[in-house]
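Asks: When you line the sequence shown up against mature numbering (1 follows the signal peptide of the UniProt record, and there is no 0), it's residues -26 to -1, 1 to 62, in that order.
Glycine included, each C-beta is placed from N, C-alpha and C at the ideal position.
Have a look at this one.
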Amino acid sequence: MTKMKTSCSLVLAIIFAVFVIGYTKGRPDFCNLDAEGGRCMAYLRRYYFDQNAGTCKEFIYGGCEGNSNNFESLADCQNTCGMKETLR
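Right, here's the structure in full:
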């Protein structure tokens, strides 16, 4: 009986690992960067992928510097980083 429980636990752990790997596979590394508004003073509405929330969120971009986790539209963010809803 204990051997059966151990086997079932192992199978469930493997299935979970495969799901997690498959879920994040293909997402560019820059999707995991924090939003950076940059040092310039423009006021541009942009979107970034928030890895903790698992969704794209809006932020204000200053117009220069920053990083690649910076999208002009929600659709671009969703298509690149893989999420379908937004939180503000």
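So, at 7 Å on beta carbons, what are the nonlocal neighbours of residue 17 in its own chain, with the 5 sequence-adjacent residues on each side left out?
Replies: 34
Asks: Would residue 24 be called buried (16 or more neighbouring beta carbons within 10 Å of its own) or exposed?
Replies: buried
Asks: Excluding the five sequence neighbours on either side, which residues of its own chain have a C-beta within less than 7 Å of the C-beta of residue 46, listed in chain order?
Replies: 20
Asks: How far does the beta strand (DSSP E) with residue 50 in it reach, from first residue to last?
Replies: No beta strand (DSSP E) holds residue 50; the alpha helix (DSSP H) holding it covers 48 to 55.
Asks: How should residue 26 be labelled, buried or exposed, when 16 other C-beta atoms within 10 angstroms of its C-beta is the threshold for buried?
Replies: exposed
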